[in-house]
Amino acid sequence: MGDNNSLYLEGKQVVAPPTMLQMWTFRDVHGKYAPGSTDQDTYEVLTRFNEFGFSGSVAVSYDQTYHNYLAEGDLVHSYSTISEISDLKSTRLGEGCFVTELAEYYDANDVLFGEACITYFKYRIPEKKPGKVSKIEPPKRISPVENHDSKHFWQGLRDGKLLIQQCQQCGTLRHPPQPMCEACQSLRWSTIESTGKGSIYSYTVMHYPEIPPFDYPNAIVLVDLDEGVRLVSQLRGSEPENIAIGQRVQAWIEPVQENLSLPIFEVIKA
Amino acid sequence: MQTEKHIAIVGIGATEFSKNSRRSEMQLACEAALAALQDAGIQGAQVDGMATLSMDNNWEIDVHRQIGGQQLNFFARTQYGGGGSIGPFAHACSAIQTGQCETVVIFRGMNERSGLRFGGGQIMNMNALNPDMIHFSHYFPCGFMTPAGWIALAARRYMHEYGATSEDFGRIAVSFRDFASTNPKAFFYERPITLAHHQASRVIADPLRLFDCCQESDGAVAFVLTSAARARDLDTEPVWIASVAQRALPTSRQVTPFYGDSITHFSEFDAMADELYRCADISPADIDLACLYDHFTSAVLPQLESFGFCARGEAKDFVKDGHISRGGKLPVNTHGGQIGEAYIHGLNGMAEAVRQLRGSSVNQLPGADHALVTAGPGVPTGAAILRRAAA
Chain A
1 MGDNNSLYLE GKQVVAPPTM LQMWTFRDVH GKYAPGSTDQ DTYEVLTRFN
51 EFGFSGSVAV SYDQTYHNYL AEGDLVHSYS TISEISDLKS TRLGEGCFVT
101 ELAEYYDAND VLFGEACITY FKYRIPEKKP GKVSKIEPPK RISPVENHDS
151 KHFWQGLRDG KLLIQQCQQC GTLRHPPQPM CEACQSLRWS TIESTGKGSI
201 YSYTVMHYPE IPPFDYPNAI VLVDLDEGVR LVSQLRGSEP ENIAIGQRVQ
251 AWIEPVQENL SLPIFEVIKA
Chain B
271 MQTEKHIAIV GIGATEFSKN SRRSEMQLAC EAALAALQDA GIQGAQVDGM
321 ATLSMDNNWE IDVHRQIGGQ QLNFFARTQY GGGGSIGPFA HACSAIQTGQ
371 CETVVIFRGM NERSGLRFGG GQIMNMNALN PDMIHFSHYF PCGFMTPAGW
421 IALAARRYMH EYGATSEDFG RIAVSFRDFA STNPKAFFYE RPITLAHHQA
471 SRVIADPLRL FDCCQESDGA VAFVLTSAAR ARDLDTEPVW IASVAQRALP
521 TSRQVTPFYG DSITHFSEFD AMADELYRCA DISPADIDLA CLYDHFTSAV
571 LPQLESFGFC ARGEAKDFVK DGHISRGGKL PVNTHGGQIG EAYIHGLNGM
621 AEAVRQLRGS SVNQLPGADH ALVTAGPGVP TGAAILRRAA A
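This is the structure:
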């Protein structure tokens, strides 16, 4: 059992580790309790609870006390007493009673060497209410972080606008959003609305792994927007072999799931 | 940084490379670190510095304690994934030169195949305050979620500007798998591929195919670095760090450097190559081999150009002419690279460079004096030139 205490392994008088008390009340292969034990069904009371509709069972606690060690050759027997049945209680599992059983374990000289106090909760299993069946949520796209620096961008998309940050001091456009202008270090910024038109600067088509909820192959484009910044998003409506660098594209801003809209590109005539 | 004759790599160690190590990343890191110390002939009690990549899941204090460390005077981590694989060497050199410590263990232990797979399309830390989560918010919602995809944008643009093809990428994979086929430590030992195999492999993120991608691996690699004074007392022949550098630029991003004037090359390498050669007092022609970070084959071509082995746009011809292959004038990734040997975040490439300069590689080159080693492209990154003791 992984306990290599020399008390259990060495010397003339080795003893049994104080553990597994409950094993002594198990019936043997013929269904008989250890000689000298009570032959009544310890769990009769639990069966009676079942008959009254309290068919749910859960073990609540199991406290063990060991008074003496057992040595090789000791014969043991046990008695079991239902020491307490509580009033009807209401819990999150349902209504029911706590049932406490006291098991006492004796050696061949009728000396008490161990006790176990076991508490069960016997309860009425509540009927499932129709319409409360739990549904497995379909996988969703990872939602972006919307913080002080980027909330305007995602809110803009929800409002149907593709917004590009513009420095209020030097006029430089920037994307992805960041709080400070890297050209002049100003923290003052506003946004302009992009036309969503641009040209494919580079692209890839994602084939593997297929990550839900995306459809595959999934074409991704790096677009030079006409306003002068680059943006990554999905391309729709092109066969992978027909995508080419330099193609003119237009972004359509579309809700893709609750609270998330994205600029989805399509190739347009030059 | 000029470090000639100052800082030496005196020990290398590694676990086996596999798809399932069946033990913790902590145990892998400890095993590799102990092997590196035994290789160096140094006791754990003498280790007073530790360095690793920020993505390593093992705290340096825990590895240090278990290898017998007594006091830690220096500890440092480098950000940006595989771009951080040279940073620990730069940090160790700085720390030793400034007297903060004398002997540093660098380690990287990972269950990247049996544990969290980087190519799986998940974000490591979904806390809204985490910089990764903030950064990747502009890519993950449209399903642009894997390293293959991010690197593919640069690969596609490189093909467009310089006329490279999927076959040109494929020749790199074939060459690395050839070196791996004669390296018993490589996962792809005795399993070479042909260009036809490469062309038949499925598309992962167009234009990158399966055989353009590095492996996903479990394993650990570790190093011992120390001062010239201590290195002289050891039986091991030291390998000197002739120069080492880290670089980031305004166009640098965490794996998504899409916003600069050009995205075909990794501008961090362009910005460090001259200084790296100047500090080592050599030129590209003096480099005998290179261990270039090969998360994807397409990333190897611009590295050959940035470090001056061929002109812009000519790397595909350099490769086609066999110069990076067995018997070529600049063999690259003679261990098989991360494509052929294992993906240990670039540190197994550094270990191969050390072996070549010690004369102990299974694919040993005659008289190798100088090796170039790079960290991951597409992120803030680094590179180092190593020099053989007798050179």
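From first to last, the protein sequence lines stand for chains A and B.
Position 99, counted from 1, in the first sequence is what this note's numbering calls 99; the numbers after and before it change by one each time, with no gaps.
Position 252, counted from 1, in the second sequence is what this note's numbering calls 522; the numbers after and before it change by one each time, with no gaps.
Where a beta carbon is used, it is the ideal one built from N, C-alpha and C, also for glycine.
ask   = So, is I557(B) buried or exposed, given that buried needs 16 or more other C-beta atoms within 10 angstroms?
value = Your numbering for residue 557(B) matches position 287 in the second sequence. Looking at its Cβ environment, which holds 16 or more other Cβ atoms inside 10 Å, I557(B) is buried.
task = Would you kindly work out how many angstroms separate the C-alpha atoms of Y350(B) and D215(A), rounded to a whole number?
result = Indexing the second sequence from 1 puts residue 350(B) at position 80. Indexing the first sequence from 1 puts residue 215(A) at position 215. Between Y350(B) and D215(A), the C-alpha separation is close to 30 Å.
ask   = At which residues does the alpha helix (DSSP H) containing L262(B) begin and terminate?
value = Residue 262(B) cannot be examined here, being either before or after the span of chain B that is shown, 271 to 661.
request  = Kindly indicate if chain B contains any beta-carbon less than 8 Å away from that of M271(A).
outcome  = Nothing about residue 271(A) can be reported from this structure: the residues present for chain A run from 1 to 270 only.
message = Does the structure place the stretch 601-620 of chain B close enough to the stretch 481-500 of chain B that three or more beta carbon pairs sit under 8 Å?
response = yes
task = Please classify W420(B): does DSSP put it in a helix, a strand, or coil?
result = Reading the second sequence from its first residue, position 150 is the one you call residue 420(B). Helix at W420(B).
Three-state secondary structure (DSSP) of E274(B) = Against the second sequence, residue 274(B) aligns to sequence position 4. At E274(B) the pLDDT is 46, less than 50, meaning the model places this residue with poor confidence and gives no usable figure here.
task = Measuring only between beta-carbons, confirm whether I609(B) sits less than 8 Å from chain A.
result = The count along the second sequence starts at 1 and reaches residue 609(B) at position 339. Not closer than 8 Å to any Cβ of chain A, the Cβ of I609(B) fails to qualify, so no.
key: Residue nearest to T534(B) in terms of C-alpha spacing, selected from P636(B), L495(B), S497(B), A424(B)   = In the second sequence, counting from the first residue as 1, residue 534(B) sits at position 264. Of the candidates P636(B), L495(B), S497(B), A424(B), the one whose C-alpha sits nearest the C-alpha of T534(B) is A424(B).
query = Would DSSP call F579(B) helix, strand or coil?
reply = Mapped onto the second sequence, residue 579(B) falls at position 309. Coil.
query = What residues are listed by DSSP as bridge partners for A515(B)?
reply = Here residue 515(B) refers to the residue found at position 245 of the second sequence. According to DSSP, A515(B) bridges with A653(B).
request  = Go through the stretch 455-481 of chain B residue by residue and report every complete run of the beta strand (DSSP E) that reaches 3 residues or more, in order.
outcome  = 473-476
query = M380(B): which of N328(B), D639(B), T368(B) sits nearest, CA to CA?
reply = In the second sequence, the residue the question calls residue 380(B) occupies position 110. M380(B) has its Cα closest to that of N328(B), out of N328(B), D639(B), T368(B).
Inter-residue spacing [alpha-carbon to alpha-carbon] between G228(A) and L187(A) = The sequence position of residue 228(A) within the first sequence is 228, counting from 1. The sequence position of residue 187(A) within the first sequence is 187, counting from 1. If you take the alpha carbons of G228(A) and L187(A), they lie about 20 Å apart.
task = Pull up the DSSP beta-bridge partners for I118(A), would you.
result = In the first sequence, the residue the question calls residue 118(A) occupies position 118. Partner(s): Y62(A), E101(A).
Contacting positions in the stretch 208-228 of chain A - beta carbon closer than 7 Å to chain B = Y208, P209, I211, F214, N218, I220, L222
Where the beta strand (DSSP E) containing H640(B) begins and where it ends = The sequence position of residue 640(B) within the second sequence is 370, counting from 1. It spans 640-644 - the beta strand (DSSP E) in which H640(B) sits, taken as one unbroken run.
Reference P401(B); option with closest CA among C97(A), E146(A), E137(A) = To locate residue 401(B), count along the second sequence from 1; it is residue 131. Cα-wise, what sits closest to P401(B) is E146(A).
key: Own chain partners of F449(B) with C-beta closer than 7 Å, once the 5 adjacent residues on each side are dropped   = Mapped onto the second sequence, residue 449(B) falls at position 179. Hits under 7 Å: R596, N603, T604, H605, G606, G610, N633.
key: Straight-line gap, G160(A) to H152(A) (C-alpha atoms, nearest Å)   = For this step, residue 160(A) is matched to residue 160 along the first sequence. For this step, residue 152(A) is matched to residue 152 along the first sequence. Each residue's Cα considered, the two are about 12 Å apart.
Through-space distance from I511(B) to T273(B), alpha-carbon basis = Stepping through the second sequence from its first residue, residue 273(B) is reached at position 3. Stepping through the second sequence from its first residue, residue 511(B) is reached at position 241. Low confidence applies here, because T273(B) scores a pLDDT of 49, under 50, leaving its location unreliable and the question unanswered by this model.
ask   = Under the rule that 16 or more other beta-carbon atoms within 10 Å means buried, what is L307(A), buried or exposed?
value = Any answer about residue 307(A) is impossible in this case: the structure gives chain A only from 1 up to 270.
query = With a Cβ-Cβ cutoff of 8 Å, do G156(A) and F121(A) count as a contact?
reply = Counting from 1 along the first sequence, the entry for residue 156(A) is found at position 156. Counting from 1 along the first sequence, the entry for residue 121(A) is found at position 121. No, these two residues do not count as a Cβ contact at 8 Å.
task = Spatial neighbours of L304(B) within its chain, please: CB distance less than 6 Å, with the 5 preceding and 5 following residues excluded, ordered by chain position.
result = In the second sequence, counting from the first residue as 1, residue 304(B) sits at position 34. Contacts found: I337.
inquiry  = Which same chain residues end up closer than 8 Å to M271(B) when comparing Cβ atoms and leaving out the 5 residues on each side of it in sequence?
reply    = Translated into the one-based positions of the second sequence, residue 271(B) becomes position 1. Summary for M271(B): the model assigns pLDDT 43, below 50, so the residue's position carries little reliability, and this model does not support an answer.
query = Got a sec: which bits of the stretch 404-416 of chain B sit with their beta carbon under 9 Å from any beta carbon on chain A, in order along the chain?
reply = I404, H405, F406, S407, H408, Y409, F410, P411, C412, G413, F414, M415, T416
request  = Give the DSSP bridge partners of F377(B), in chain order.
outcome  = Translated into the one-based positions of the second sequence, residue 377(B) becomes position 107. Note: F377(B) sits in a beta bridge opposite A492(B).
task = Could you have a look at K135(A) and say whether DSSP puts it in helix, strand or coil?
result = Within the first sequence, residue 135(A) is the residue found at index 135, counting from 1. Note: K135(A) maps to coil in three-state DSSP.
Identity of the residue in A251(A), E51(A), F52(A), Y123(A) nearest P199(A) by Cα = Within the first sequence, numbered from 1, the residue matching residue 199(A) stands at position 199. What sits at residue 199(A) in the sequence shown is Ser, not Pro. Taking only the C-alpha atoms, the option nearest S199(A) is A251(A).
ask   = Closest to A278(B) by CA distance: which of S407(B), R427(B), D503(B), H430(B) is it?
value = In the second sequence, the residue the question calls residue 278(B) occupies position 8. The candidate whose alpha carbon is nearest that of A278(B) is D503(B).
ask   = Taking Cβ-Cβ distances shorter than 9 Å, what residues in chain A pair up with A659(B)?
value = Residue mapping note: residue 659(B) aligns to position 389 of the second sequence, counting from 1. Chain A residues near A659(B): none, gap ~45 Å exceeds 9 Å.
ask   = Would H430(B) count as contacting chain A if we go by Cβ distances under 8 Å?
value = One-based indexing of the second sequence puts residue 430(B) at position 160. Chain A contact via Cβ: present.
ask   = Taking 8 Å as the CB-CB cut-off, is Q272(B) touching chain A?
value = Taking the second sequence and counting its residues from 1, the one referred to as residue 272(B) is at position 2. Low confidence applies to Q272(B): its pLDDT is 42, below 50, so where it sits in the model is not reliable enough to give any reading.
task = Please state if the CB of T19(A) and the CB of S61(A) are separated by a distance shorter than 8 Å.
result = Sequence index remark: in the first sequence, residue 61(A) carries index 61 (1-based). Sequence index remark: in the first sequence, residue 19(A) carries index 19 (1-based). The answer is no: Cβ separation not under 8 Å.
request  = Determine the chain A residues that contact V473(B) at a beta-carbon separation under 7 Å, and present them in chain order.
outcome  = Taking the second sequence and counting its residues from 1, one reaches residue 473(B) at position 203. Within chain A, the residues near V473(B) are H207.
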